[in-house]
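In our numbering, the protein residues as written are 6 to 117. Heads up, the beta-carbon is just placed ideally off N, CA and C, and yes, glycines get one too. Here the structure is a predicted model, which means the values were calculated and not measured.
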């Protein structure tokens with residue numbers, strides 16, 4: 006990954022985190038950005054999120070997708086680069102896998 010791509014990822018991470026915090030309500034769910042992956046041509050940015058509790062993941066994703074146009078417009082105004090990558094959100098499955106492993110370890114610890 007080039008230095009420029011790393012900087013773009015960090016910048017999008019920071020700006021989208023702030024926008025989500027200020028602009029959206031997730032109704033008793035905690036939404037965190039875990040990773041940003043921008044394409045090499047800077048046309049798209051995949052934003053990975055984790056949601057706690059996990060049961061609210063799909064609801065949080067729906068809220069983000071419903072507001073993606075507004076978030077994109079705000080991001081376009083904030084970033085002083087062209088092109089501004091088109092954003093899309095995905096659930097980071099590694100968080101769910103980690104939590105499942107922790108639950109299995111706790112269960113094994115209680116049993117043994």
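*May I ask you to list the residues that DSSP assigns as paired with residue 109?*
DSSP, once it has assigned bridges, lists no residue as partnering residue 109.
*Could you name each continuous beta strand (DSSP E) segment of 3 residues or more that falls completely within the stretch 48-88, going from the start of the chain to the end?*
Contiguous beta strand (DSSP E) elements confined to the stretch 48-88 occur at 49-57, taking only those with 3 or more residues.
*Taking residue 73 as the reference, which of 24, 10, 15 and 9 has the closest Cα?*
Of the listed residues, the one whose Cα sits closest to residue 73 is 24.
*Could you tell me which residues DSSP pairs with residue 15 in its beta bridges?*
None, per the DSSP bridge assignment.
*asked:* What residue range does the beta strand (DSSP E) around residue 31 cover?
replied: No beta strand (DSSP E) holds residue 31; DSSP gives it neither H nor E.
*For residue 42, write down the residues that DSSP places opposite it in a beta bridge.*
DSSP lists 51 as partners of residue 42.
*If we call anything under 7 Å between Cβ atoms a contact, is residue 34 one with residue 61?*
Their beta carbons are under 7 Å apart, which means residue 34 touches residue 61 by this criterion.
*Please determine if the stretch 8-24 and the stretch 70-88 are in contact, where contact requires at least 3 C-beta pairs separated by less than 8 Å.*
Look at the beta carbons and you see the stretch 8-24 touching the stretch 70-88: at least three pairs across the two are nearer than 8 Å.
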